[in-house]
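For the sequence shown, the residue numbers in our numbering are 165 to 305. Even for Gly, the Cβ is constructed at its ideal location relative to N, Cα and C. Computed from a prediction, not measured in an experiment: that's the story for all the values here. Shown next, in structure tokens, is the structure this report addresses.
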Amino acid sequence: SPGVAKTEVLVEDWCPVLAATFAYWDNILGPRVQHIWAPKGQGLSLLSDGEVTFLANHTLNGEILRSAESGAVDVKFFVLAEKGVIIVSLIFDGELKGDKNTCALSIILPQSELSFYLPLHSVCVERLKHIIRKGRICMQK
């Protein structure tokens, strides 16, 4: 998607993450990816920007009627065998441009890394929740 900001991050060693994304629900346009982060020189070579956008949008489908308590963060875990990826998404309410929106912070990994990732899942979720707490503060400024 041409309107999606993308940052390539220099990673010194091998990185199992194909991409990380931030997406939000737009009441007119539906799910929108606002930013993609990917390891420089790896990761997205396996996925096009369009595929990453599709995957990130997939995480917000069905969330339009989300009624979670204030401050709640829901975790979604997908194995999309047809795309060969796993997606870990944290769904939360955030403030964008003065409006409350349903948002998703996601990481995308190759399905081949499932056994590597699973023992780390709870640690990754806690770290992503910490990032979301910090992000919510920035969103309100």
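C-beta contact flag for residue i and residue j at 8 Å
| i | j | result |
| --- | --- | --- |
| L224 | L182 | no |
| P180 | F242 | no |
| G235 | Y188 | no |
| I250 | L219 | no |
Beta-carbon contacts of residue i that lie in its chain and below 6 Å, excluding the five residues immediately before and after
| i | result |
| --- | --- |
| S253 | T223, K240, A268 and S270 |
| H199 | A169 and F186 |
| K247 | none |
| F256 | V237, C267 and I296 |
DSSP three-state assignment for residue i, whether helix, strand or coil
| i | result |
| --- | --- |
| S165 | Its pLDDT being 44, under 50, S165 is placed unreliably by the model, and nothing is read from it. |
| G258 | strand |
| K247 | coil |
| S270 | strand |
| S253 | strand |
Integer-rounded CB distance, given that residue j should sit under 8 Å from residue i
| i | j | result |
| --- | --- | --- |
| V216 | I272 | 7 Å |
| L244 | M303 | No, L244 and M303 are not in contact; Cβ-Cβ is about 28 Å, not under 8 Å. |
Contacting residues, own chain, Cβ-Cβ under 8 Å from residue i (five flanking each side not counted)
| i | result |
| --- | --- |
| S276 | G248 |
Q: List in chain order: all unbroken alpha helix (DSSP H) runs of 4+ residues lying wholly within the region 172 to 227.
A: 213 to 224
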